[in-house]
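Asks: Final position of the sequence shown in the numbering used here is 411; the numbers increase by one with none missing. Glycine residues also receive a C-beta, built at the ideal position from the N, C-alpha and C atoms.
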Amino acid sequence: MDFKFPEAAEKFRLEVREFLKKELTPEIRDEYAHCTDYPHGFNKAFSRKLGAKGWLTITWPKEYGGLGLDVWHRVVFDEEMAAAHAPVAAHQVSANFVGPALIHYGTEEQKKKYLPPIARGETVWAVGMTEANAGTDLASIETRAVRDGDEWVINGNKMYTEHLQDADYYWVLVRTDPSAERHRGISIMVLDTRTPGIQVLPLWTMDGYRVNQVYFEDVRVPADAILGEVNRGFYHLAMTLNTMRSAGLGGWTESRRDLEDLVLYCKATKVNGRPLIADEWVKNGLAEFMIYNQISRLLAYRVASMLENGGPAPDKETAVRQVWGKVYGQLHVKFACDLLGMAGQVGHYSPEFAPMFARWERRYMGSIAGAHNGGTPENALNTVALRVLGLPR
Ligand SMILES: Cc1cc2nc3c(=O)[nH]c(=O)nc-3n(C[C@H](O)[C@H](O)[C@H](O)COP(=O)(O)OP(=O)(O)OC[C@H]3O[C@@H](n4cnc5c(N)ncnc54)[C@H](O)[C@@H]3O)c2cc1C
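1) Should HIS390 be counted as a contact of ligand 1 given a C-beta to heavy atom distance under 7 Å?
2) Since I believe ASP236 is in contact with ASN173 (beta carbons under 8 Å), could you give me their beta-carbon distance rounded to a whole number of angstroms?
3) Starting from GLU235, trace the beta strand (DSSP E) in both directions and tell me its first and last residue.
4) Just to check, is the beta-carbon of GLY83 closer than 7 Å to a non-hydrogen atom of ligand 1?
5) Using a Cβ distance threshold of 8 Å, determine whether the stretch 88-97 contacts the stretch 315-330, with at least three qualifying pairs required.
6) Are the CB atoms of ALA376 and GLY365 nearer to each other than 8 Å?
7) Taking the C-alpha atoms as reference points, what is the distance between LEU255 and TYR382?
8) How many angstroms separate the CA atom of ASN61 from the CA atom of ILE313?
9) I need the DSSP call for ARG165, collapsed to helix, strand or coil.
10) Which residues does DSSP list as the beta-bridge partners of ARG193?
11) How would you label GLY328, buried or exposed, when you count the other beta carbons within 10 angstroms and need 16 or more for buried?
12) For the putative contact between GLY347 and SER323, defined by C-beta atoms under 8 Å, what is the C-beta separation to the nearest angstrom?
13) Would you mind working out which of VAL300, ASN290 and SER368 sits nearest LEU282, comparing C-alpha positions?
14) Is the distance from the Cβ of MET207 to the Cβ of TRP170 below 8 Å?
15) Which same chain residues, not among the five before or five after ASP195, have their C-beta less than 6 Å away from its C-beta?
16) In chain order, what residues of the same chain have a beta carbon less than 6 Å from the beta carbon of GLY269, not counting five sequence neighbours either side?
17) Which residue spans inside the stretch 358-406 form an unbroken alpha helix (DSSP H) run of at least 4?
18) Measure the Cβ-Cβ separation of LEU42 and ALA104 and say whether it is below 8 Å.
19) Whose C-beta lies closer than 7 Å to the C-beta of GLY251 among residues of the same chain, with five residues either side of it excluded?
20) Looking at the structure shown, is TRP299 part of a helix, part of a strand, or coil, going by DSSP?
21) Assuming GLY146 is part of the beta strand (DSSP E), what are its boundary residues?
22) Could you give the distance in angstroms between the alpha-carbon of TYR227 and the alpha-carbon of ALA102?
23) To the nearest angstrom, how far is the alpha carbon of LEU85 from that of LEU357?
24) Compare the C-alpha of ARG200 against each of THR211, ARG315 and TYR253 and name the closest.
25) Quick check: what's the CA-CA separation for LYS130 versus THR213?
26) Report whether the distance from the Cβ of ASP333 to the nearest heavy atom of ligand 1 is below 7 Å.
27) Looking at the unbroken beta strand (DSSP E) that takes in ILE216, where does it start and where does it end?
28) Considering only DSSP beta bridges, list what THR179 is partnered with.
29) Less than 8 Å separating the beta-carbons of VAL229 and TYR178?
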């Protein structure tokens, strides 16, 4: 099987590398190495530079600020960004989640208003789905929006919203018809985060990452804040989640780079007079990690080729990829921390004692909290059981 990318995409790879050589300054690298707040580095100015090149929206139609290029260009871009540990958190929600939903379901006015600034990397978005009593089962959301003249009035709460402290807009799932069947009374709304009545309180995860609790008290938004059809939001969401889970297809290169650093460390470090790399269990663990990484790569390419062949974001393949990344990824991160021993537990606040800038300690903590982000592994396993194996519900 030939995994060579099209020539134009490989040429583009060189362009991205040149850009990163120049723009990924030592300051940004240092910020990334030490950031606790955003595991993927949050840097608005850097996102704007990417936006100015059109690289946040490589596959979008040109009329909305995209480049209209094929999926392989996007994969190349993601691979180079991840391998370089470049910051992506300031734009990934807007470009990979909100933007595609707006392209599919937005009115022309909404598209004109929101898409070009997303493409330029100028606006930060947050997404509010999860609530205190609704996470995996999003059809249980209770936050209400009631029509009052030409406005909607929102009351309720959201939990675990990322980036809201920095966001310009908030994409929210609300219940608009409580008398309808659960899945049928839900809508999506787009809010300006400065709207009165929205209270945002921090909630810190175990890896020092900030998510938020959000309270809505009589928050008034105009009627045209609805995205898509009223009461069809749950179905719009299903497509949007698949699209979001089909993004970041180059993420395997981040693990690959970390693995290469780990190999160098094992070659250079001696324990009881012997290089770490001489131990069988170390060699076996590193080899297994490499196999895991190559499978991650192939699963990503499978999703990419389905997208490139014109299909919608595939749910089955995406679920398999999610399970692989979240469940098996944790095993290899744990292996790396075991291998580093006590040094693997030192945080980035003590860089002189922490190998690789405490990269593995952060990845270990992040792999536990982060496994819930974007849907839990059990949720993805249920999709595999139902949609891949055809098992009963
Ligand atoms: C770092 C981080 C960032 C996040 N960012 C956002 C964000 O920006 N916006 C947002 O809306 N949400 C966000 N979330 C929330 C995330 O989407 C939810 O945590 C996730 O969907 C699970 O919901 P829950 O926490 O309510 O757990 P629950 O749904 O209550 O699940 C608890 C446990 O039960 C299991 N479980 C539940 N149902 C089933 C089932 N049917 N079969 C088998 N097992 C099941 C789950 O897998 C899980 O292990 C974030 C979470 C984290 C940790």
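Replies: Well, looking at it:
1) Here residue 390 is taken as the residue at index 372 of the sequence shown, counted from 1. Checking every heavy atom of ligand 1 against the Cβ of HIS390, one is found closer than 7 Å.
2) Here residue 173 refers to the residue found at position 155 of the sequence shown. Here residue 236 refers to the residue found at position 218 of the sequence shown. So it is a contact: roughly 6 Å between Cβ atoms.
3) Within the sequence shown, numbered from 1, the residue matching residue 235 stands at position 217. Looking at the DSSP string, the run of the beta strand (DSSP E) that includes GLU235 is 228-240.
4) For the purposes of this step, residue 83 is taken as the residue at position 65 of the sequence shown. Answer for GLY83: no, Cβ out of range of ligand 1.
5) The stretch 88-97 makes contact with the stretch 315-330; the number of CB pairs closer than 8 Å reaches 3 or more.
6) The residue you call residue 376 lines up with position 358 of the sequence shown. The residue you call residue 365 lines up with position 347 of the sequence shown. The beta carbons of ALA376 and GLY365 sit closer together than 8 Å.
7) Here residue 255 refers to the residue found at position 237 when the sequence shown is read from its first residue. Here residue 382 refers to the residue found at position 364 when the sequence shown is read from its first residue. Going from the Cα of LEU255 to the Cα of TYR382 covers about 30 Å.
8) On the sequence shown, residue 61 is found 43 positions in, with the first residue counted as 1. On the sequence shown, residue 313 is found 295 positions in, with the first residue counted as 1. ASN61 and ILE313 have their alpha carbons spaced roughly 30 Å apart.
9) In the sequence shown, the residue the question calls residue 165 occupies position 147. Assigned with DSSP and collapsed to three states, ARG165 falls in strand.
10) Position 175 of the sequence shown, counted from the start, is the residue given in the question as residue 193. ARG162 and ILE204.
11) Here residue 328 is taken as the residue at index 310 of the sequence shown, counted from 1. Exposed, by the Cβ-count rule.
12) In the sequence shown, the residue the question calls residue 347 occupies position 329. In the sequence shown, the residue the question calls residue 323 occupies position 305. Going by Cβ atoms, the distance from GLY347 to SER323 rounds to 22 Å, so no, they are not a contact pair.
13) Position 264 of the sequence shown, counting from 1, holds the residue named residue 282. If we check each option's Cα against that of LEU282, VAL300 comes out closest.
14) Counting from 1 along the sequence shown, the entry for residue 207 is found at position 189. Counting from 1 along the sequence shown, the entry for residue 170 is found at position 152. Yes, these two residues count as a Cβ contact at 8 Å.
15) The residue labelled residue 195 in the question sits at position 177 within the sequence shown. GLY203 and ASN249, listed in sequence order.
16) In the sequence shown, the residue the question calls residue 269 occupies position 251. So the qualifying residues of the chain are ALA100.
17) Those alpha helix (DSSP H) runs which fall completely within the stretch 358-406 and span 4+ residues are 377-387 and 395-401.
18) Here the question's residue 42 lines up with position 24 in the sequence shown. Here the question's residue 104 lines up with position 86 in the sequence shown. The answer is yes: Cβ separation under 8 Å.
19) In the sequence shown, the residue the question calls residue 251 occupies position 233. For GLY251, same chain residues with a beta-carbon under 7 Å away, outside a window of 5 residues either side, are LEU191, ILE204, SER205 and ILE206 in chain order.
20) Position 281 of the sequence shown, counting from 1, holds the residue named residue 299. Helix at TRP299.
21) The sequence position of residue 146 within the sequence shown is 128, counting from 1. For GLY146, the enclosing beta strand (DSSP E) stretches over residues 143-146.
22) Along the sequence shown, one-based indexing puts residue 227 at 209. Along the sequence shown, one-based indexing puts residue 102 at 84. A straight-line Cα-Cα distance of about 21 Å links TYR227 and ALA102.
23) Taking the first residue of the sequence shown as position 1, residue 85 is located at position 67. Taking the first residue of the sequence shown as position 1, residue 357 is located at position 339. Rounded to whole angstroms, LEU85 to LEU357 spans 44 Å at the Cα level.
24) Along the sequence shown, read from residue 1 onward, the residue named residue 200 stands at position 182. Minimum Cα distance to ARG200 is reached at TYR253.
25) Translated into positions along the sequence shown, residue 130 becomes position 112. Translated into positions along the sequence shown, residue 213 becomes position 195. Each residue's Cα considered, the two are about 21 Å apart.
26) For the purposes of this step, residue 333 is taken as the residue at position 315 of the sequence shown. Answer for ASP333: no, Cβ out of range of ligand 1.
27) Here residue 216 is taken as the residue at index 198 of the sequence shown, counted from 1. Segment 216-222, the beta strand (DSSP E) holding ILE216.
28) Counting from one through the sequence shown, the residue named residue 179 turns up at place 161. Beta-bridge pairing links THR179 to ASN230.
29) To locate residue 229, count along the sequence shown from 1; it is residue 211. To locate residue 178, count along the sequence shown from 1; it is residue 160. With respect to TYR178, VAL229 sits close: the two C-beta atoms are nearer than 8 Å.
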